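Undergrad: Quick note: the sequence shown, position 137, residue 205 per the working numbering, numbers continuous.
Cβ atoms here follow ideal geometry from the backbone N, Cα and C, with glycine treated the same way.
Just so you know, these numbers come straight off a predicted model, no measurement behind them.
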Amino acid sequence: KAQEVGGQINDFVGELNKKLNKHGYKNLSNWERSGLGDVTIAAKGRFFELGSVLKTAANMGVVAPTGKVDDPDHKLDVPFGTGAWSVFSTLIADEYVTEDLFFNQYVKYSHPFESRRNIRLETHEEKIDVPKDSVRYKIGDSVDYGTSIQYEPQFGLVAGVGRSEEHTSELQSPCNLVC
69 KAQEVGGQIN DFVGELNKKL NKHGYKNLSN WERSGLGDVT IAAKGRFFEL GSVLKTAANM
129 GVVAPTGKVD DPDHKLDVPF GTGAWSVFST LIADEYVTED LFFNQYVKYS HPFESRRNIR
189 LETHEEKIDV PKDSVRYKIG DSVDYGTSIQ YEPQFGLVAG VGRSEEHTSE LQSPCNLVC
């Protein structure tokens with residue numbers, strides 16, 4: 069029975085690959101890739117200290133779209149980058165309980181710029197038999213924030229636990245799909 073089910077699954081994948089190929093997609097197969105993601109360049113500076121109790125800092129930076137973006141002809145592709153330049157700014161505060169133990173909080177705002185991308189113009193009804201086009205797009209702005217408690221004694225051990233969340237405004241539609 070297991071061999072029969074395995075044969076049916078293989079036949080399903082084969083038939084799906086025929087349909088995908090008919091519409092310009094690559095075959096479904098094992099996927100493996102390595103490469104560079106988007107590169108971040110940032111500068112950080114402390115701007116306020118209250119003795120050994122409170123330290124605050126800010127950083128600003130730019131993210132360069134050096135990572136591979138999603139291949140619209142490969143249904144199982146995983147992108148390494150966004151395909152868009154972006155800028156960000158972060159505020160950071162560390163409150164020290166002892167010399168080695170502190171709470172950390174941060175909030176980060178990111179603004180990606182509009183870019184171009186090759187995409188499949190999928191609809192809710194159809195995901196395969198769709199045209200491909202180069203469109204302008206913009207990923208939504210995001211706010212990322214978090215808190216942690218960290219232990220960093222003088223002999224080199226670093227330990228901590230924290231929580232962070234990111235909220236992104238909705239992906240803006242790609243210029244009514246065709247630009």
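Need the endpoints of the beta strand (DSSP E) that R185 sits in, please.
TA: As a working mapping, residue 185 is identified with position 117 in the sequence shown. S183 to R188 is the span of the beta strand (DSSP E), which, as asked, contains R185.
Undergrad: Distance, Cα to Cα, G129 vs P221?
TA: Here the question's residue 129 lines up with position 61 in the sequence shown. Here the question's residue 221 lines up with position 153 in the sequence shown. C-alpha separation (whole angstroms): 29 Å.
Undergrad: Look up G129 in the DSSP assignment and say whether it is helix, strand or coil.
TA: Mapped onto the sequence shown, residue 129 falls at position 61. G129: strand per DSSP, three-state reduction.
Undergrad: At 3 residues or longer, and completely inside the stretch 150-210: list those beta strand (DSSP E) runs for me, N to C.
TA: Correct list: 154-164, 169-180, 183-188 and 200-205.
Undergrad: Could you tell me the distance, in whole angstroms, from the CA atom of D201 to the CA atom of G208?
TA: Stepping through the sequence shown from its first residue, residue 201 is reached at position 133. Stepping through the sequence shown from its first residue, residue 208 is reached at position 140. Distance between the alpha carbons of D201 and G208 is about 21 Å.
Undergrad: Which same chain residues, not among the five before or five after G149, have their C-beta less than 7 Å away from its C-beta?
TA: By one-based count along the sequence shown, residue 149 stands at place 81. These residues qualify, in order along the chain: G105, D106, P133, T134, G135, K136 and V137.
Undergrad: Quick check on D139: does DSSP put it in helix, strand or coil?
TA: By one-based count along the sequence shown, residue 139 stands at place 71. Three-state DSSP puts D139 in coil, outside helix and strand.
Undergrad: For P140, count the other beta carbons within 10 Å of its own beta carbon; 16 or more makes it buried, fewer makes it exposed. Which is it?
TA: Taking the sequence shown and counting its residues from 1, one reaches residue 140 at position 72. Buried.
Undergrad: Using three-state DSSP, classify F116 as helix, strand or coil.
TA: Position 48 of the sequence shown, counting from 1, holds the residue named residue 116. Strand at F116.
Undergrad: Please confirm whether R185 and Y205 have their CB atoms less than 8 Å apart.
TA: For the purposes of this step, residue 185 is taken as residue 117 along the sequence shown, with counting starting at 1. For the purposes of this step, residue 205 is taken as residue 137 along the sequence shown, with counting starting at 1. Yes, the Cβ-Cβ distance between R185 and Y205 is below 8 Å.
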